[in-house]
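Here the numbering used here is used: the first residue of the sequence shown is 128, the next is one more, and so on.
Note that CB positions come from ideal geometry on N, CA and C, so glycine has one too.
Only a predicted model underlies this, so the values are computations on that prediction, with no experimental measurement involved.
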Amino acid sequence: MHKKSTSKPSQANFFLPELCQAEALLGLVLLAELLVLVLVLAEPINQGFDWSRLALTSLFVQWVVLLTAALLCVLRPWLAHLKAVPASLITCLIVMLLTFLCSWATQYFNAEYLGIYLRGESLGVFYLRNLLISLIMSAIVLRFFYLQSESKRQQQAQLQARLEALQARIQPHFLFNTLNSIASLVAIDVDKAELAILDLSDLLRASLANHNGLSTWQQEVNLAQQYLSIENHRFGERMQLDWQIENVPPQLPIPHLTLQPLLENAVLHGIQPSVAGGTISVQASYQHNSLQLKVSNPIPEQVSPHKGMRLALDNIQARLVSHFGPTAKLITTRQGAVFIAHISYPCSLTPTEADQDHENLNR
C-alpha cells in the first residue's frame, strides 16, 4: 500500500510523457516525420524530388521511434525514480542503441536499400550520422518535454496557491456573517442562540475538515443545511426553503464551500431585508456528465447587490474554473423580483463512484 502511494506521485511528476497513450505516440510519430522531411529536403535536388529516399528514410526513422516508444513505455516507471539528468542520459543511450540496431538490421537484411541510402558514403559514416542525428534529436525532444513539465508544475503551484488564497478569503466571510446571525439571536431567544452555537460548532468542523479544495455534493448539502438550521433559528417562518434535486450523485465532486455561500447571499440579500421574508429555491440536476445548480431568492425593492455579494460570487467562479476548466460558469441573472445564481460545470464520475447508491436529497 505504501509503495503504491509513493510511486504514483513520482510518475505523475516525471517529465517524460506516457508514450503508451495514443495522443503522445501520435505527436512523436508526426515529429519524426517532420525530421524525415528536413533530412531529405536538406540534400541537393538535382533531378527532382527523390520520393523513394523519402519513403525509405521515413520507414527507418519510424521503426526507431516506435521501438523507442515501446521500450520507454515499459521502462518509464523505473526511470521516474531517477533524477532528470540521469533519466535523460539513459533515454538518449536507449535511442542511440535502437538506432544502431536498426542501422545494423538495414545493413544485414536490406543491402539494396542501404545502397540507395548511402550514395557513395562509407558504412562507418552511415552509422555515425545516424547515431549523431538520433542523439541530437532525442536531446532536443527531451529538453522540450522537461521544459513543458516544469511549466505545468509551476502552473499547478500557482493554481494551488490561488485556491488556498480564495479559500482563506471566503471562510472568514462566512464565519463573520454566521456569528452576526447568532449575536442577533441572543437578544431574542437565549435557548435558540445556544442551539445555533452548537450548530455553528458542527458547521465549522465540517467546513474546516476539507483541505484539498474539492468536496462532494452530499457534503455540500449537509454543510448548507447546517447553515440554514442556524438561520432558521433567527428567521423562523419568514424563511421558506424549496429543494428540487434530481439525479445528483452524492459523490459528485464540487468545490468546497460552493452551495453555502450562495445560500448565505440569498439569506442576507433576499430574506433579511424583507419583513415578509420569502422562499429560497435550490434546483439541482445531473445530466450528460454536467451539474446544473440554481439558487434563487426574492429581491426586496429597496435592496441592491453590494461588494460583499460580488466577492463571494467571484470566489466561487474562480474556483470552478480552476477545478473544472473554462467551461465551468457561474451566471447571475435577475428575473423580475427574483435573483438567480446558476452554476454549471462538466464532471464525470469514476465507475466506482457511479455504482454507489444515490440518496434522495429532495426535501
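Considering only C-alpha positions, which residue in the set Ser215, Leu193, Ala464, Ala445 is nearest to leucine 457? Ala445
Using DSSP with H/G/I as helix, E/B as strand and the rest coil, what is phenylalanine 272? helix
Grouping DSSP H, G and I as helix and E and B as strand, with all else coil, what is aspartate 369? strand
Name the two residues that bound the continuous beta strand (DSSP E) containing leucine 420. 417 to 425
Beta-carbon proximity list for leucine 155, same chain, < 7 Å, skipping 5 on both sides: Leu146, Val192, Ala196
What separation, rounded to the nearest whole angstrom, lies between the Cα atoms of leucine 258 and tryptophan 344? 56 Å
Output the distance between the C-alpha atoms of tyrosine 254 and tryptophan 205, rounded to the nearest integer angstrom. 29 Å
Can you list the beta strand (DSSP E) stretches of 3 or more residues lying completely in the stretch 182 to 252, in chain order? none
Minimum C-alpha distance to glutamine 352 - residue among Glu364, Pro376, Leu327: Leu327
Between the CA atoms of proline 453 and cysteine 219 - distance to the nearest angstrom: 38 Å
Among all the DSSP beta bridges, which residues are the ones paired with arginine 461? Phe466
For isoleucine 297, which residues from the same chain have a beta carbon less than 7 Å from its beta carbon, with the 5 sequence-adjacent residues on both sides left out? Any reading at isoleucine 297 must be qualified, since the residue scores a pLDDT of 48, below 50, and its modelled position is unreliable; the value itself is stated next. So the list reads Leu384, Pro388, Ala439, Asn442, once near-sequence residues are dropped.
Note down, one range per segment and in chain order, each alpha helix (DSSP H) of at least 4 residues found wholly within the stretch 346 to 404. 386 to 393
Please determine if the stretch 197 to 216 and the stretch 177 to 186 are in contact, where contact requires at least 3 C-beta pairs separated by less than 8 Å. no
Taking the CB atoms as reference points, tell me whether alanine 393 and valine 422 lie closer together than 9 Å. yes
Per DSSP, what are the beta-bridge partners of valine 409 in this structure? Trp370, Val422
Verify the contact flag: glutamine 367, CB atom, against every heavy atom of the ligand COA, threshold strictly below 8 Å. Because no ligand of any kind appears in the structure shown, any question about the ligand COA cannot be addressed here.
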